[in-house]
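K.L.:
In our numbering, the protein residues as written are 84 to 572.
Questions regarding the structure given below will be posed in turn.
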Amino acid sequence: MAAPARLTMSFPLYHGQLLKDTYIPPIYPYQALLRKLKIESIDDLAIALFGEDLDRLASRMQVHDDPMGKPVTRATQLIKIYLIKLDPECARCVEYRSRGWNENREEGDAFFKRQRERADTASGRDENHFYKMMLDIGEEMNSVCHLYDLPDPNDQEINILDICMAPGGYTAVALRHMPDAHAYGITLPIELGGHAVVLDKHLLKSLRYGDVTMFKEYCPADKSIPKQHPDYKKFSPFRLFTSIRFNFVFCDGAVLRTHQRGENRPQEKETIRLQASQLILAMQRIQTGGSLVMLLHKVDTWHSAILLYTFSKFSNVTVFKPQKWHSTRSSFYLVAQHVNPQHADALKAVEEWKQDWWRATFAGEDGLGLPRPEPTDQLVQEVIVNFGPTLTRLGHLAWKIQADALSRTDYAGSGSGERRSISNSALMPRNLPSLVVNQECKVTVSSRVSNLTDVLNSVTISAGRRKDEQPKKGKEISHTVAQVDENLR
Numbered sequence: 084m085a086a087p088a089r090l091t092m093s094f095p096l097y098h099g100q101l102l103k104d105t106y107i108p109p110i111y112p113y114q115a116l117l118r119k120l121k122i123e124s125i126d127d128l129a130i131a132l133f134g135e136d137l138d139r140l141a142s143r144m145q146v147h148d149d150p151m152g153k154p155v156t157r158a159t160q161l162i163k164i165y166l167i168k169l170d171p172e173c174a175r176c177v178e179y180r181s182r183g184w185n186e187n188r189e190e191g192d193a194f195f196k197r198q199r200e201r202a203d204t205a206s207g208r209d210e211n212h213f214y215k216m217m218l219d220i221g222e223e224m225n226s227v228c229h230l231y232d233l234p235d236p237n238d239q240e241i242n243i244l245d246i247c248m249a250p251g252g253y254t255a256v257a258l259r260h261m262p263d264a265h266a267y268g269i270t271l272p273i274e275l276g277g278h279a280v281v282l283d284k285h286l287l288k289s290l291r292y293g294d295v296t297m298f299k300e301y302c303p304a305d306k307s308i309p310k311q312h313p314d315y316k317k318f319s320p321f322r323l324f325t326s327i328r329f330n331f332v333f334c335d336g337a338v339l340r341t342h343q344r345g346e347n348r349p350q351e352k353e354t355i356r357l358q359a360s361q362l363i364l365a366m367q368r369i370q371t372g373g374s375l376v377m378l379l380h381k382v383d384t385w386h387s388a389i390l391l392y393t394f395s396k397f398s399n400v401t402v403f404k405p406q407k408w409h410s411t412r413s414s415f416y417l418v419a420q421h422v423n424p425q426h427a428d429a430l431k432a433v434e435e436w437k438q439d440w441w442r443a444t445f446a447g448e449d450g451l452g453l454p455r456p457e458p459t460d461q462l463v464q465e466v467i468v469n470f471g472p473t474l475t476r477l478g479h480l481a482w483k484i485q486a487d488a489l490s491r492t493d494y495a496g497s498g499s500g501e502r503r504s505i506s507n508s509a510l511m512p513r514n515l516p517s518l519v520v521n522q523e524c525k526v527t528v529s530s531r532v533s534n535l536t537d538v539l540n541s542v543t544i545s546a547g548r549r550k551d552e553q554p555k556k557g558k559e560i561s562h563t564v565a566q567v568d569e570n571l572r
């Protein structure tokens, strides 16, 4: 049986511009229309946005696996395709990554293997190198985000919390700019595989050693630590720094390959546990109006998109990517300023992160945790509709920095740093976005439309399909769409 025919209504795409340091992304003029659609699944949303089934589109654009061969969630596929089509820099960045992962994989793997080995076997000299690198990143972050431009820093007590502190570069930069501030830290001890703290410890008010993922306070109120868990006795009842409210919180933790932990804590689940632990601890200690900085990877994934969207509800969010260090990597920093930890959405987020921590630690038949579940289709639609253009603007410079850096490598680019045209036409953004209307959909257009704004206000599209409704004849639908085209002219 032939697939149902589809008709397309095309609206002009306003090209993105770089005005000073602010990227104005291309905006789908029908973004407002998406809010009116009754979309029941990710597949319906993909068809509404791109005119093509998500699986078919992901296959054509080769949006499947990460470099380690792990499957990409459907939510990430949709987010990535959306951003590729909206921002040429995202398309360019994804193309360079793909070259490094696929076309020149052996060379790229060898390069990153050397970097991992150096990090895992860091000598005292290497630790100092990493520390100085963090100093550079911290200074660049401050110059871009103006973290320490406080109105009257001498009139208030400034407290800094550095979660997963070692080697301590970010706190060192903060103390350079605010020498009277009180700095506190927690970090994994060296005997468990942690890094050394290079920062002069005499500058710190307090430094605690421990595994930040093993505090009982992360447990949701409706759950408890199962006594049969192999690490039951290792979960700590202590609640650190509860009497202090922090103006600045750094969450720079990453799952360390050197971390000595049991087989019941594989990296996939450990990543979830570490992120949730940092977020819970940070949000339950941060001062109203404070700033939170967190290390993340790939703006163009569901995992990053949902965090940026969540923080945008109760803080001012910036995406920062350093240009001098780690520019070829996909890492970036979420910088949330003027955080309101008592906002209803912030309190809700903390409870959800507690559930994430518990699920990754104790859920499943074996009681040893489960991987992150797929988000609901409704949540994916909410992020695309309410946050899509903002996400594009936030990620633009990070993609450009990584793409430019990768273009200068031998394993992903030409080695010369020249801007190369993207060979895979499937990754190129379309000049015109398309809103697809299936034959079974109902399209209503007002009889008098004078401009594009009127079209946006007057076109109503119902994506709810009625099984008992017969498709309209092609001639009738063509006439209806022609009305839209005529009004656009």
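Built from N, CA and C at the ideal position, the CB exists for glycine as well.
It should be emphasised that the depicted structure is a prediction, and the values quoted were computed from it without experimental measurement.
Between the C-alpha atoms of Ala257 and Tyr292, what's the straight-line distance to the nearest angstrom?
P.N.:
21 Å
K.L.:
Is it the case that the segment 259–274 contacts the segment 231–245, given that we only count it when at least three CB pairs across the two stretches are under 8 Å?
P.N.:
yes
K.L.:
So the candidates are Val402, Ala443, Thr393 and Pro472; which of them puts its Cα closest to the Cα of Val433?
P.N.:
Thr393
K.L.:
Where are the alpha helix (DSSP H) runs, 4 residues long or more, that stay fully inside the segment 293–381, in chain order?
P.N.:
With a minimum length of 4 residues, the continuous alpha helix (DSSP H) runs that stay inside the segment 293–381 are 350–366.
K.L.:
How would you call Ile167, buried or exposed, if buried means at least 16 neighbouring beta carbons within 10 angstroms?
P.N.:
Under this definition Ile167 is a buried residue.
K.L.:
Considering only residues of the same chain and omitting the five flanking positions on each side of Ala419, which have a CB-CB separation below 6 Å?
P.N.:
Leu375, Phe394, Ser398 and Val400
K.L.:
Less than 8 Å between C-beta atoms, sequence neighbours within five positions excluded: which residues of the same chain meet that for Gly496?
P.N.:
Tyr179, Arg182, Leu489, Ser490 and Arg503
K.L.:
Taking the continuous alpha helix (DSSP H) assigned at Phe133, which residues delimit it?
P.N.:
Per DSSP, the unbroken alpha helix (DSSP H) holding Phe133 starts and ends at Ile125 to Phe133.
K.L.:
Name the residue from Lys306, Leu290, Phe470 and Ile369 whose alpha carbon lies nearest to the alpha carbon of Thr325.
P.N.:
Of all alpha-carbon atoms in Lys306, Leu290, Phe470 and Ile369, the one lying nearest the alpha-carbon of Thr325 is that of Ile369.
K.L.:
Mind checking Ile273: buried by the 16 CB within 10 Å criterion, or exposed?
P.N.:
exposed
K.L.:
Suppose the cutoff is 7 Å on Cβ atoms and the five residues either side in sequence are ignored; what does the same chain contact list for Phe415 look like?
P.N.:
Leu379, Val382, Val402, Phe403, Lys404 and Ala481
K.L.:
Which residues does DSSP pair with Ser289 in a beta bridge?
P.N.:
Tyr267
K.L.:
Cutting at 7 Å between CB atoms, please list the residues of its own chain near Thr371, excluding the five before and the five after it.
P.N.:
By the criterion of a C-beta distance shorter than 7 Å, Thr371 is surrounded in its chain by Asn423, Pro424 and Gln425, once the five residues flanking it on both sides are discounted.
K.L.:
Spatial neighbours of Ala486 within its chain, please: C-beta separation below 7 Å, excluding the five flanking residues on both sides.
P.N.:
Glu172, Arg175, Cys176 and Tyr179
K.L.:
Taking only the alpha-carbon atoms, compute the straight-line gap between Phe445 and Pro303 and give it to the nearest angstrom.
P.N.:
As the crow flies, the alpha-carbon of Phe445 is around 12 Å from that of Pro303.
K.L.:
Tell me which residue opens and which closes the alpha helix (DSSP H) that Asn423 is part of.
P.N.:
Here Asn423 belongs to no alpha helix (DSSP H), and DSSP marks it neither H nor E.
K.L.:
Using the Cα positions of Phe133 and Arg157, report the straight-line distance between them to the nearest angstrom.
P.N.:
15 Å
K.L.:
Would you grab the beta carbon distance between Leu391 and Leu477 for me? Rounded to a whole angstrom, and I think it's under 8 Å.
P.N.:
Right, their Cβ atoms sit about 6 Å apart.
K.L.:
Can you have a look at Ala565 and say buried or exposed, based on whether 16 or more other CB atoms are within 10 angstroms of its CB?
P.N.:
With a pLDDT of 30 at Ala565, under the threshold of 50, the predicted position of this residue should be treated as unreliable, and no value is reported.
K.L.:
Excluding the 5 residues preceding and the 5 following Lys396 in the sequence, name in chain order all residues of the same chain whose CB lies nearer than 6 Å to its CB.
P.N.:
Sequence-distant partners of Lys396 (beyond 5 residues in either direction) whose C-beta falls short of 6 Å from its own C-beta, in its chain, are Asp428.
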